[in-house]
Amino acid sequence: MEETLPQWDLTPIYTGFDDPELENDMIFLKTGSVALTALLENGEMRSRDMVGWFGAVLDAWQELLDIDETLDAYANARLTTQTADPLAIACVNKVATARLDVKAVGVKLLAVFGQNEDAVRSVVASHEKFAPYAYVVEEMLQENQHQMTPAEEDLAADLARSGTDAWGRLQEAVSSSVSAIWDEVTGERKSVIQLRAMASDPERTVREKAWRLELDIWKHHEVAFAAALNGVKGATVSLDKRRAWADPLERSLFQSRVNRSTFDALIQTLETNLPLFRSYLTAKAKALGVEKLAFYDLFAPVGHSTSWTYDKAKKFIVTQLGSFHAPIARLASRAFDENWIDAGPRANKVGGAYDTYMPKAGQSRILSNFDFDYDGVTTLAHELGHAYHDSVVADKPALLRHYPMTLAETASIFNEYLIFSGALSGTQGDEALALLENFIQGACQVCVDILCRYRFEKAVFARRAEGELTAEEFCALMIDAQKSTYGDALDADKLHPYMWAVKGHYYSTDFSYYNYPYAFGQLFALGLVAAGQKVDDFPSLYDDMLKMTGSADAATVAARAGCDITSPDFWQGGMDTIAHHITRYREETGA
């Protein structure tokens, strides 16, 4: 009998779409924004009591942020598990409308802080209770230098609902609902999410068939996806230019709290180690008995991988996480026991996995598509890492709780490595080979494919600044990026030209280059593993570092754990851990 996978319980957040509290919170975004606007415009209070005014502004703004974040997370949680539900779609649209007031007052707050820059800095520097906000306030003052006029920002936010946000929802809705006929005799259909999951099928004929059907689906809908991506990237180019960013990457690095030299060192490390990953892919081809891998072989299993029930995965994860740090295990147990996880795939549910935090309830929710294999186990552990990170900063006010994408992947990938190390320990033969395959396969995605995505997006921005691209042109740029990163390790005639349609991360104006932070997180987490071996009470240091992630730049946070991310040697240290496992993999496969 097949195990029934749990769906998440959102009732502790709101009991449903008709919950009066849901409506009240949307109203509060309006009334709270009006009240904060009045406070920001209260020049008399600001002149008379700058300290009191500044504290009141912070309190009011952070209360708004908590409700705003909760509403957005809840609405999207409902939509991503039922993309065809008209009530969920209506809720997302209603929340998006309510959030416009928050965006508008946020722009005004930045402007008022900017107009009173010296006084704001003086208050933060001279009052201990504001000291934790020093970095965040300085960041806000810098961000204000990249704002359009309040009226223009208000218009941009309003237009986004029916523009860039709608393009993103189109990509999400189409990609989660399209399907193809799998069996001509029975008429059985497979969704594109199911077809993509077949990339890990042990039978090459099945993988190839799924790949071909998947490509047919994307081609059939390529005009819609191209229109969506043109809309998103075109708007991004225009808005970033208006906001005086040199290019989308400059804005992305600002959001990531890393400087260009650190970013360049990371990218250089990825590029330098491409031959390392190609040696793995060549070894994998030999293990599979093929001359050269096709794109549909990237996720093919190697070795003997045992199946995992959800209950077995739950117990293993809790045990392994507890062997490092009991609080992480307790958080994981709570997530399982209180149904924070929507575990399995189903019709009209988006693919992939994510964690989302709802500050009003002080709880996270995790979406996954558990498929009864080891990869599903590591995915759960990954998202539980995000949830643990959320819990560590949960008692902090909103402005000190929000951490950048680069640091967001720290706890998640660290969790993954804990699970991998625990599973690999004492394992030999084909079972060990399967575990090594899973880890290296993931590292290859995070390093090689992420570099591929970065190069593709960089090329798209350059071309989109000159005009719209056709679907064929998007495909050509994707093929170029895949060839430049995977090199001759993949069959050039069997790549995936439509990965730009697959990945929802491309369809957002909020954060461009939603790719390199994963490579940052992978190598940073592996660097932390090495650093932890040199410290007696590393779990406590680990928590201290996570608590800092919302109130400092990436280099300062890393330094708390004894890591210098400005040095290429640090990044190579993380890569050396991967190289160690690739060496063993090649020995096991006889490559």
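Once you know that position 561 of the sequence shown is 560 in numbering that gives the first Met the number 0, the rest is easy, because the numbers rise by one and skip nothing.
We put the beta carbon where it would ideally sit given N, CA and C, even for glycine.
| Asked | Found |
| --- | --- |
| Give a yes or no on whether the minimum CB-CB distance between Ser-566 and chain C is below 8 Å. | As a matter of chain content, chain C is missing from the structure shown, which is built from one protein chain. |
| Taking Cβ to Cβ, would you say Tyr-353 is nearer than 8 Å to Ile-581? | no |
| Measuring only the C-alpha atoms, how far is Met-0 from Thr-308? | In this prediction, Met-0 has a pLDDT of 47, which is less than 50 and means its spatial position is unreliable; what the coordinates show is noted afterwards. Near 12 Å, if we compare the C-alpha coordinates of Thr-308 and Met-0. |
| In terms of alpha-carbon separation, which member of Val-231, Trp-570, His-145 and Arg-77 lies closest to Ile-12? | Arg-77 |
| Assuming Ala-380 contacts Pro-5 under a Cβ cut-off of 8 Å, what Cβ separation, rounded to an integer in Å, is found between them? | The Cβ separation is near 17 Å, so there is no contact. |
| Can you check DSSP and say which residues form a bridge with Ser-199? | Looking at the DSSP assignment, Ser-199 forms no beta bridge with any residue, so it has no partner. |
| Between the beta-carbon of Gly-561 and the beta-carbon of Ala-530, is there less than 8 Å? | yes |
| Can you name, in chain order, every residue of its own chain whose Cβ lies under 7 Å from the Cβ of Ala-55, other than the five neighbours on each side? | Leu-38 |
| How do the segment 382-397 and the segment 509-517 stand: do at least 3 beta-carbon pairs fall below 8 Å, yes or no? | no |
| Under the rule that 16 or more other beta-carbon atoms within 10 Å means buried, what is Asp-552, buried or exposed? | buried |
| Ala-226: which of Val-257, Ile-192 and Gly-167 sits nearest, CA to CA? | Gly-167 |
| Excluding the 5 residues flanking Thr-469 on each side, which residues of the same chain have their C-beta closer than 8 Å to its C-beta? | Ala-225 |
| Rounding to the nearest angstrom, what Cα-Cα distance links Val-289 and Ser-199 in this structure? | 16 Å |
| Whole angstroms are fine: how far does the CA of Ser-367 sit from the CA of Leu-330? | 17 Å |
| Enumerate, from N- to C-terminal direction, the unbroken alpha helix (DSSP H) stretches of 4 or more residues contained entirely within the segment 299-384. | 309-323 and 325-336 |
| Could you check whether Leu-423 and Leu-323 sit closer than 8 Å to each other, using their CB atoms as the reference points? | Checking the sequence shown, residue 323 turns out to be Phe, not Leu. Contact flag unset, no. |
| Out of curiosity, what's the CA-to-CA distance linking Phe-335 and His-303? | 28 Å |
| By a C-beta neighbour count over all protein chains shown, 10 Å radius and 16 as the cutoff for buried, is His-220 buried or exposed? | buried |
| Which residue comes first and which comes last in the beta strand (DSSP E) that contains Ile-180? | 178-180 |
| Please list the terminal residues of the continuous alpha helix (DSSP H) segment that includes Arg-242. | Per DSSP, Arg-242 belongs to no alpha helix (DSSP H) and is neither H nor E. |
| Is DSSP giving Ser-411 helix, strand or coil here? | helix |
| Cα-Cα, which of Glu-152, Val-349, Asp-246 and Arg-47 is closest to Ser-190? | Val-349 |
| Terminal residues of the continuous beta strand (DSSP E) containing Lys-189? | 188-190 |
| Just to check my reading of the structure: Leu-450 and Phe-294 have Cβ atoms closer than 8 Å, yes? What is that Cβ distance to the nearest angstrom? | Not a contact, Cβ separation roughly 16 Å. |
| Can you tell me whether Gln-141 is buried or exposed? The criterion is at least 16 other CB atoms within 10 Å of its CB, across all chains shown. | exposed |
| Skipping 5 residues on each side, what residues in its chain have a beta carbon closer than 7 Å to that of Val-111? | Leu-39 |
| Ignore the nearest five residues each way along the sequence and tell me which others in Met-404's own chain have a CB closer than 6 Å to its CB. | Ser-255 and Pro-516 |
| In three-state terms, what does DSSP make of Leu-78? | helix |
| Alpha carbon to alpha carbon, how far is Glu-68 from Ala-386? | 15 Å |
| Is the separation between the beta-carbon of Ile-66 and that of Lys-311 shorter than 8 Å? | no |
| Pick out whichever of Ala-346, Asp-535 and Leu-64 has its Cα sitting closest to the Cα of Gly-105. | Leu-64 |
| Which same chain residues end up closer than 8 Å to Ile-266 when comparing Cβ atoms and leaving out the 5 residues on each side of it in sequence? | Leu-450, Tyr-453 and Tyr-515 |
| Alpha carbons only, please: which of Asp-536, Tyr-513, Asp-535 and Tyr-541 is nearest the one belonging to Phe-523? | Tyr-541 |
| Roughly how many angstroms separate the alpha carbons of Ala-97 and Thr-163, rounded to a whole number? | 17 Å |
| State the DSSP-derived secondary structure class of Leu-522, mapped to helix, strand or coil. | helix |
| For Val-534, collect the residues of the same chain with a Cβ closer than 8 Å to its Cβ; drop the 5 residues on either side in sequence, then sort them by chain order. | Leu-540 and Gly-561 |
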